[in-house]
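K.L.:
Residue numbers (this note's numbering): 48 to 202.
Shown next, in the form of structure tokens:
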């Protein structure tokens, strides 16, 4: 099972979303993130590394707030576990990179869900409203349809 992260930069009541330029999620708005690599000692280190690689800014594990952990399944097969963070403190200016466009700020209460992954519409409103969740997202075999989303409070 793979482990990945998504980090959403948040300042005041704005969330900074970037258009993915290549690979998994191309064409959709998202936060910064990716797979945990062997050199990443924690998921927080993964999130910090990805913020720098994809957004050009520097942060620290202490600058992250874990807001969700979501497991994704294809049928009964556990595909990956994703740790979702808010980052409220960073240094530097966001920039466009090979993988991500420069981010745009959006009202955290009304982001453009129609420009994001369909699954994001199920769980992002929960975390953007202040809830911390542990979720499970189930797709059918073949990943052509979302079957269901379940969650409980993150402890």
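Cβ coordinates follow ideal geometry from the N, Cα and C atoms, glycine included.
Suppose you measure from the CA of residue 123 to the CA of residue 193; what does that come to, to the nearest Å?
P.N.:
Going by the C-alpha atoms only, they are around 13 Å apart.
K.L.:
Could you give the residue range of the alpha helix (DSSP H) that holds residue 115?
P.N.:
From DSSP, residue 115 is part of no alpha helix (DSSP H) but of the beta strand (DSSP E) over 111-121.
K.L.:
Please determine if the segment 169-186 and the segment 92-104 are in contact, where contact requires at least 3 C-beta pairs separated by less than 8 Å.
P.N.:
The answer is no - the segment 92-104 does not touch the segment 169-186, with fewer than three Cβ pairs under 8 Å.
K.L.:
So the beta strand (DSSP E) residue 87 belongs to, where does it begin and stop?
P.N.:
That residue, residue 87, is in no beta strand (DSSP E); it is neither H nor E in DSSP.
K.L.:
Beta strand (DSSP E) containing residue 200: first to last residue?
P.N.:
It spans 193-200 - the beta strand (DSSP E) in which residue 200 sits, taken as one unbroken run.
K.L.:
Pick out whichever of 56, 114 and 100 has its Cα sitting closest to the Cα of residue 201.
P.N.:
If we check each option's Cα against that of residue 201, 114 comes out closest.
K.L.:
So the alpha helix (DSSP H) residue 161 belongs to, where does it begin and stop?
P.N.:
First-last for residue 161: undefined, no H or E at that position.
K.L.:
I'd like to check one pair, residue 75 with residue 168: are the Cβ atoms closer than 9 Å?
P.N.:
No.
K.L.:
I need the boundaries of the beta strand (DSSP E) containing residue 56, first residue and last residue.
P.N.:
Unbroken beta strand (DSSP E) run through residue 56: 49-58.
K.L.:
Can you tell me whether residue 159 is buried or exposed? The criterion is at least 16 other CB atoms within 10 Å of its CB, across all chains shown.
P.N.:
By the neighbour-count rule (16 or more Cβ atoms within 10 Å), residue 159 is not buried but exposed.
K.L.:
Are the beta-carbon atoms belonging to residue 67 and residue 146 less than 9 Å from one another?
P.N.:
Yes, these two residues count as a Cβ contact at 9 Å.
K.L.:
Helix, strand or coil: which one does DSSP assign to residue 141?
P.N.:
Reduced to three states, the DSSP call for residue 141 is coil.
K.L.:
Take residue 69 and list the residues in its own chain whose beta-carbon comes closer than 8 Å to its own, dropping the five residues that flank it on each side.
P.N.:
145 and 146, listed in sequence order.
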